[in-house]
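In the working numbering, the protein residues as written are 146 to 333.
One structure below.
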Ligand code: SF4
């Protein structure tokens with residue numbers, strides 16, 4: 146990259162389809178960081194790690210009832226969560242997000258707590274749908290927990306019965322925002 150007499154970078158314009166040579170492969174694009182702050186970056190380590198964490202969320206693969214169908218659809222190709230760095234993972238040992246998708250019956254309370262405790266810190270929970278949020282259509286039923294937050298801490302609630310995949314996607318984006326803001330606001 147060329148620099149003028151005032152130490153400013155001279156932008157190099159490349160005409161589409163020209164300037165490429167056969168057999169040379171691709172070159173990495175110019176680094177935005179190097180243009181704005183050449184070789185220097187000052188940031189709290191918490192904030193830096195939170196950027197990595199929020200962009201590589203692994204969600205635990207499990208579902209409890211009808212909301213799980215919408216969650217599966219959100220992970221499928223049409224909605225493509227991979228573009229947010231989100232993959233679904235079949236073991237709590239490596240997962241960092243639990244999406245509670247469905248009715249939490251009392252029989253499932255202990256397994257849910259166990260799965261949550263098996264996940265390593267830091268970890269986050271999304272309550273998907275009205276059942277996981279507050280019992281939903283089974284409000285005050287003899288067999289249903291009135292919201293999964295009676296068992297484990299919840300970070301984001303996604304309303305709906307069931308919520309559409311776009312609603313879950315929005316909930317995940319809100320969780321990413323929360324991870325970023327929590328790191329920024331944490332006392333050193
Ligand atoms: S919120 Fe509605 S769709 Fe979701 S699990 Fe409960 S009853 Fe099923």
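Glycine included, each C-beta is placed from N, C-alpha and C at the ideal position.
Fair warning: this is a prediction, and the values are worked out from it, not measured in the lab.
Closest by C-alpha distance to residue 206, out of 197, 244, 175, 280, is 244. Counting along the chain, the unbroken alpha helix (DSSP H) around residue 177 starts and ends at 177–181. Annotation for residue 253: 209 place their beta carbon closer than 7 Å to its own, counting only its chain and skipping 5 residues before and after. The stretch 303–318 and the stretch 177–188 do not touch, with fewer than three beta-carbon pairs separated by less than 8 Å.
From the listed residues 185, 187, 194, the smallest Cα separation to residue 326 is found for 194. Ligand 1 has a heavy atom closer than 7 Å to the beta-carbon of residue 275. Here DSSP, grouped into helix, strand and coil, assigns residue 290 to coil. Note: residue 216 is not bridge-paired with any residue in the DSSP secondary-structure output. Excluding the 5 residues flanking it on each side, residue 289 has same chain C-beta neighbours closer than 8 Å at 248, 249, 250, 251, 276, 280, 283, in chain order. For residue 202, the number of other beta carbons within 10 angstroms of its own is at least 16, and it is reported as buried.
A heavy atom of ligand 1 is found nearer than 7 Å to the CB of residue 210.
Burial is judged here by how many other beta carbons sit within 10 angstroms of a residue's own beta carbon; residue 215 has at least 16 and is buried. Counted as a single uninterrupted DSSP element, the beta strand (DSSP E) harbouring residue 302 occupies residues 301–303.
The three-state reading of DSSP puts residue 231 in coil, since its state is none of H, G, I, E or B. Taking C-alpha positions only, residue 258 is separated from residue 296 by approximately 7 Å. Proximity of the beta carbon of residue 247 to ligand 1 is indicated: a heavy atom of the ligand is located closer than 7 Å.
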